Amino acid sequence: MKITRITVWKKDLALTKPYWLSGGRLKFERLDATFVRLDTDEGLSGWGEGTPWGHTYLPAHGPGVRAGIETMAHAVLGLDPRKVEHVERAMDICLPGHLYAKAPIDLACWDLMGKAYRLPIADLLGGRYEDGTPIASSISTGTPDEMLALIDEYRAMGYRVHSVKVGADIAADIERIRFLEQNRKADERILYDVNRAWTRREAITVMNAVAELGITVEQPCETLDDIAAIRPITPSPISVDERLETLQDMARIARDGLAEVVNIKLNRVGGPTKARRIRDMALAHGIQVYVMATGGSVLADSEAAHLAQSIPTESRLGTWACQDMLIEDVAPGQGTRNENGDLRVSDAPGLGVEPDLDLLGEPTAIYQ
Ligand code: MG
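So for the sequence shown, this note's numbering puts the first residue at 1; every next one is plus one.
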């Protein structure tokens with residue numbers, strides 16, 4: 001089987017409401033999504049999505065996804081998409097780094113492999129655990145009451161896990177955390193996500209002030225060096241999200257004991273081929289895992305759900321359904337959807353969802 005054509009679509013995905021991250025420092029209203037289809041000489045096609053969460057969250061942006069694909073297209077055409085590590089190597093030689101631009105191509109190769117072997121991606125990744133993965137809501141920074149009202153909206157949809165965005169004025173953060181912990185239900189889990197906003201001193205101050213609550217704090221500071229510095233003098237469990245990009249990062253986190261939890265964002269780490277190695281290293285060190293897309297449609301959510309469901313239940317903390325934050329659905333009725341707070345992949349081969357071509361409009365680029 002050979003890849004004969006790469007077709008790229010750009011699509012703006014508007015959020016249902018404005019979203020503030022990192023204590024209100026960053027605002028988001030729409031996402032610049034890229035959809036990629038790989039066609040093959042055997043008539044099968046595979047899909048991948050690359051949707052950064054705006055251009056301020058990570059060093060990634062929509063035009064960068066499309067420019068990266070333009071640069072790598074000649075190296076990918078003619079390869080067998082089922083040999084995902086060959087495609088990975090070709091892309092890494094052609095364009096070092098730029099993992100977020102490689103992810104949609106890698107994802108489309110896994111979709112094709114699943115269709116060729118008639119297995120869902122989760123089974124190709126080692127085998128599905130049957131239970132669905134709890135969806136984490138994404139609670140925008142606001143006043144404690146505003147944040148609890150948002151949590152209530154997600155509770156009504158069955159959500160039991162919440163990723164609550166803090167990282168502003170630290171006195172306000174302490175108040176938010178205390179208030180939301182008081183209002184947390186017994187069967188709920190709340191991850192307090194700082195999105196890199198605190199300095200080392202601020203992280204130590206907040207985490208020690210709420211130490212008795214036993215909360216988990218995600219990406220409290222900017223770098224792994226920062227986390228290494230605060231780790232010995234703060235008792236709260238830590239999750240690393242933004243600064244987990246490579247297998248080498250995961251090796252450092254595991255070796256140096258920097259975190260008890262990691263958040264594998266499929267598009268940030270370059271797709272399932274690289275993500276499965278990070279998954280395995282985390283599991284080998286007793287580190288629990290969230291798996292998410294960086295944002296996007298039901299395709300992106302389904303991609304993350306497949307990797308998530310290949311992780312044993314006790315190590316799998318949650319995933320995300322960004323689709324629930326978008327106005328438009330590019331694949332109505334398809335893919336993994338919220339089932340009382342869980343995402344669950346189907347028996348369909350490959351990814352199990354393809355966008356509606358009428359909703360995508362005209363392609364932005366075709367390489368063949
Ligand atoms: Mg996070």
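Positions of the beta carbon are idealized from the N, C-alpha and C atoms, including for glycine.
Keep in mind the model is a prediction, meaning the values are calculated, not measured.
Near residue i, which residues of its chain fall below 6 Å by C-beta distance, leaving aside the five closest residues on each side in sequence?
i, result
"residue 213", "181"
"residue 367", "6 and 73"
"residue 53", "294 and 295"
"residue 193", "163, 165 and 218"
"residue 253", "240 and 259"
"residue 13", "31, 33 and 326"
"residue 188", "160"
"residue 226", "200"
"residue 304", "266, 291, 292, 293 and 319"
At which residues does the alpha helix (DSSP H) containing residue i begin and terminate?
i, result
"residue 111", "99 to 117"
"residue 274", "272 to 284"
"residue 193", "First-last for residue 193: 189 to 193, but that is the beta strand (DSSP E), not the alpha helix (DSSP H)."
"residue 253", "247 to 256"
"residue 351", "Run containing residue 351: none; DSSP gives neither H nor E here."
"residue 87", "84 to 94"
"residue 64", "62 to 76"
"residue 151", "144 to 156"
"residue 330", "Residue 330 -> no alpha helix (DSSP H), and no H or E assigned at all."
"residue 175", "170 to 182"
Could you work out which residue in the options is closest to residue i when comparing CA atoms only?
i, options, result
"residue 41", "337, 16, 62 and 1", "1"
"residue 245", "70, 99 and 93", "99"
"residue 267", "14, 60, 277 and 233", "60"
"residue 356", "322, 47 and 233", "47"
"residue 136", "322, 359, 346 and 220", "322"
"residue 337", "360, 348 and 302", "302"
"residue 177", "200, 240, 363 and 207", "207"
"residue 57", "234, 26, 36 and 83", "26"
"residue 297", "3, 307 and 324", "324"
"residue 94", "36, 105, 71 and 279", "71"
"residue 419", "205, 161 and 197", "Absent from the structure is residue 419, since the part of the chain shown begins at 1 and ends at 368."
"residue 345", "286, 204 and 119", "119"
"residue 354", "20, 44, 85 and 15", "44"
"residue 274", "107, 15 and 20", "107"
"residue 243", "221, 236 and 237", "221"
"residue 238", "292, 287, 121 and 281", "287"
"residue 92", "358, 335, 269 and 278", "269"
"residue 195", "215, 223, 183 and 175", "223"
Between which two residues does the beta strand (DSSP E) harbouring residue i extend?
i, result
"residue 163", "161 to 165"
"residue 442", "Outside the shown range of the chain (1 to 368) lies residue 442, about which nothing can therefore be said."
"residue 292", "288 to 292"
"residue 367", "365 to 367"
"residue 218", "216 to 218"
"residue 319", "316 to 320"
"residue 263", "261 to 265"
"residue 206", "That residue, residue 206, is in no beta strand (DSSP E); its alpha helix (DSSP H) goes 200 to 209."
"residue 45", "45 to 50"
"residue 212", "Unbroken run through residue 212: none, as it is neither H nor E."
"residue 31", "26 to 40"
"residue 345", "Segment: none, residue 345 is in no beta strand (DSSP E) and carries neither H nor E."
"residue 239", "238 to 240"
Using 10 angstroms around the beta-carbon of residue i, count the other beta-carbons present and answer buried if the total reaches 16, otherwise exposed.
i, result
"residue 319", "buried"
"residue 17", "exposed"
"residue 350", "buried"
"residue 340", "exposed"
"residue 132", "buried"
"residue 130", "exposed"
"residue 4", "exposed"
"residue 62", "buried"
"residue 117", "exposed"
"residue 147", "buried"
"residue 102", "buried"
"residue 211", "exposed"
"residue 51", "buried"
"residue 152", "exposed"
"residue 201", "exposed"
"residue 282", "buried"
"residue 97", "exposed"
"residue 173", "buried"
"residue 168", "buried"
Once you ignore the five residues that flank residue i on each side, which residues in its own chain have a CB closer than 7 Å to its CB?
i, result
"residue 256", "228"
"residue 159", "135, 137 and 341"
"residue 316", "133, 289 and 308"
Who are the Cβ neighbours of residue i in its own chain at under 8 Å, not counting the five residues just before and after it?
i, result
"residue 363", "7, 8 and 9"
"residue 204", "230, 233 and 234"
"residue 85", "273"
"residue 105", "6, 36, 38, 48, 69, 72, 76, 87, 91 and 271"
Whether or not the region 321 to 335 and the region 76 to 96 are in contact is what I'm after, with contact meaning three or more pairs of Cβ atoms, one per stretch, closer than 8 Å; do they touch?
no
Check whether the region 243 to 251 and the region 25 to 34 are in contact - that is, three or more C-beta pairs closer than 8 Å.
no
Would you be able to state if there are at least three C-beta pairs under 8 Å between the region 101 to 114 and the region 136 to 146?
no
Three-pair Cβ contact test at 8 Å for the region 118 to 137 versus the region 299 to 313
yes
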